[in-house]
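The numbering of the sequence shown is my numbering, which starts it at 12 and goes up by one.
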Amino acid sequence: VYKNTTELELHDVAPDGRVLVAAVERTSRAFCRRAGDMADRELAWLDWPIVNDLSADGKWIAFFESELGVGFKPVVYLRETNGALPMKLGEGLWPRLSADGRFVVAVRYDTREIVVYAVGAGPARRIPFGEIDVFSAGLLPDGVSLLLVGTEREKRGKGGTRSAQRMWLTDLTGAKPRPLTPEGVSLQMPVFTPDGLYLVARLRGKPTLYPLA
């Protein structure tokens with residue numbers, strides 16, 4: 012009866028047949044305020060940016076778009092916080108910058124791969140998940156080791172439930188991942204001690220140090 016390019020929400024119908032509707036357009040936005048800025052600077056690109064990482068010097072953000080603007084196929088971008096146009100890297104989710112800023116690591120659930128994008132010239136490196144359902148991944152400060160966050164695909168807990176989240180270590184060659192933490196460790200963004208020897212995570216709500224060695 013009525014066509015529209017946006018989502019419609021029905022609020023009410025009158026006895027005479029009139030209807031009250033709202034045309035809804037849902038978007039996400041991203042802002043940054045750097046040292047010396049007097050106001051926020053908007054860094055959104057398309058319709059649903061999700062920022063997942065900020066470089067240590069505050070000059071770059073890594074984010075992905077996943078809605079209408081990219082045809083609902085998640086795409087990873089890198090953008091300077093000064094407002095310069097973003098750099099499109101390729102498909103993926105939850106991108107993380109390497110400590111030296113030379114690479115961005117993302118996850119592709121559709122192909123079950125970790126993708127390491129070079130910032131600038133260079134081909135992308137693809138590493139299969141193996142037997143782990145990876146949620147996110149990132150390079151450690153050494154620039155070689157990869158930290159994986161996820162669950163074991165074939166392992167089931169009581170009642171057939173999926174195993175709890177934990178972390179593994181692998182490297183850019185795709186070596187068999189080594190468990191770094193026990194199950195049940197919660198981590199959104201990897202945090203390491205200044206000497207690079209320990210991972211800081213939460214186990215049952217308590218901050219815990221896990222040696223990378």
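Just so it is clear, CB atoms sit at the ideal spot from N, CA and C, and this is done for glycine as well.
Where residue i falls: helix, strand or coil (DSSP)
i, result
"Gly112", "coil"
"Val81", "helix"
"Leu104", "strand"
"Thr192", "coil"
"Gly161", "strand"
"Ala212", "strand"
"Leu57", "coil"
"Met98", "strand"
"Lys187", "coil"
"Asp68", "coil"
"Ala254", "What is shown of the chain runs 12 to 224, which leaves residue 254 out entirely."
Whole-angstrom distance between residue j and residue i, CA atom to CA atom
i, j, result
"Arg45", "Thr92", "8 Å"
"Phe146", "Arg52", "30 Å"
"Gly195", "Phe114", "29 Å"
"Thr184", "Ala135", "13 Å"
"Ala55", "Gln176", "31 Å"
"Gly101", "Val87", "5 Å"
"Val118", "Lys187", "17 Å"
Limits of the unbroken beta strand (DSSP E) element including residue i
i, result
"Met178", "177–182"
"Leu223", "Element bounds for Leu223: n/a, residue is neither H nor E."
"Arg90", "86–91"
_Completely contained beta strand (DSSP E) runs for the region 12–39, where each covers 3 or more residues_ = Taking only runs of at least 3 residues, the beta strand (DSSP E) segments lying wholly in the region 12–39 are 18–24, 30–35.
*Please go through the region 112–158 and give each complete beta strand (DSSP E) segment of 3 or more residues, from N-terminal end onward.*
Given a length threshold of 3 residues, each whole run of the beta strand (DSSP E) inside the region 112–158 is given here in chain order: 114–119, 124–129, 136–139, 143–150.
*asked:* Whether or not the region 59–72 and the region 96–114 are in contact is what I'm after, with contact meaning three or more pairs of Cβ atoms, one per stretch, closer than 8 Å; do they touch?
replied: Contact between the region 96–114 and the region 59–72 is present: 3 or more CB-CB pairs across the two stretches fall below 8 Å.
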